[in-house]
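Per my numbering, residue 265 is the first one in the sequence shown, and the count goes up by one each step.
Right, one structure below, let's go through it.
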Amino acid sequence: MKSLNLLVAVVVTGWVALPVGAENVSQVRQLLSSKACTNCDLRGADLRGAKLPNANLQGADLTRANLRGADLTGADLSGTDLRQTDLRGANLSYAKLDDADLRGANLEGANLRGTDLERRNSGQFGGSSTLKSIPAGR
Numbered sequence: 265m266k267s268l269n270l271l272v273a274v275v276v277t278g279w280v281a282l283p284v285g286a287e288n289v290s291q292v293r294q295l296l297s298s299k300a301c302t303n304c305d306l307r308g309a310d311l312r313g314a315k316l317p318n319a320n321l322q323g324a325d326l327t328r329a330n331l332r333g334a335d336l337t338g339a340d341l342s343g344t345d346l347r348q349t350d351l352r353g354a355n356l357s358y359a360k361l362d363d364a365d366l367r368g369a370n371l372e373g374a375n376l377r378g379t380d381l382e383r384r385n386s387g388q389f390g391g392s393s394t395l396k397s398i399p400a401g402r
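Set out below in structure tokens:
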């Protein structure tokens, strides 16, 4: 009976947890198969543990995406919107992050070795190649 009540509640409220909007599914598939998706709308995409070394994501919108544990080694993330993105434990080593917006991103345990973040902020972050998070600011 509890399962039926939950199903009714989901149907009535229209609440269903989807990794991305239906219009973005093709872009997620494109990214996973070709490792390229420039200027794609990947907001809220569930890409946990995705294997995306050397991926080209220039200009993509990954706001609130889940990239926890993803392999983005050497990926081109130039100009990407990574606000409030979960990057915990992600491998971003040698990724290009020029003009990427990381406000509010969770980088706890992320590998940032060889990135411009590591070079620019080594004093601010104590020379560590991992960060906890970047303040959201205003």
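Backbone N, C-alpha and C fix where the C-beta goes; we use that ideal spot for every residue, glycine too.
Straight-line gap, residue i to residue j (C-alpha atoms, nearest Å)
i, j, result
"A359", "G353", "14 Å"
"L351", "L311", "10 Å"
"G313", "L371", "14 Å"
"G373", "L296", "23 Å"
"A309", "L381", "24 Å"
"N247", "L326", "Given that the chain is displayed from residue 265 to residue 402, the structure contains no residue 247 and the question cannot be resolved."
"A369", "S298", "25 Å"
"R328", "T302", "17 Å"
"R293", "R367", "26 Å"
"A300", "T379", "20 Å"
Residue i - containing alpha helix (DSSP H), residue span
i, result
"S357", "Per DSSP, S357 belongs to no alpha helix (DSSP H) and is neither H nor E."
"R293", "V289 to S298"
Proximity below 8 Å, CB of residue i to CB of residue j
i, j, result
"N453", "L356", "This structure gives no information on residue 453, because the portion of the chain shown stretches from 265 to 402."
"L346", "D362", "no"
"Q322", "L306", "no"
Presumed contact (8 Å Cβ cut-off) between residue i and residue j, rounded CB distance
i, j, result
"A324", "T344", "5 Å"
Counting Cβ pairs, one atom from each stretch, are 3 or more of them under 8 Å apart for the segment 333-344 and the segment 305-317?
The answer is yes - the segment 305-317 touches the segment 333-344, with three or more Cβ pairs under 8 Å.
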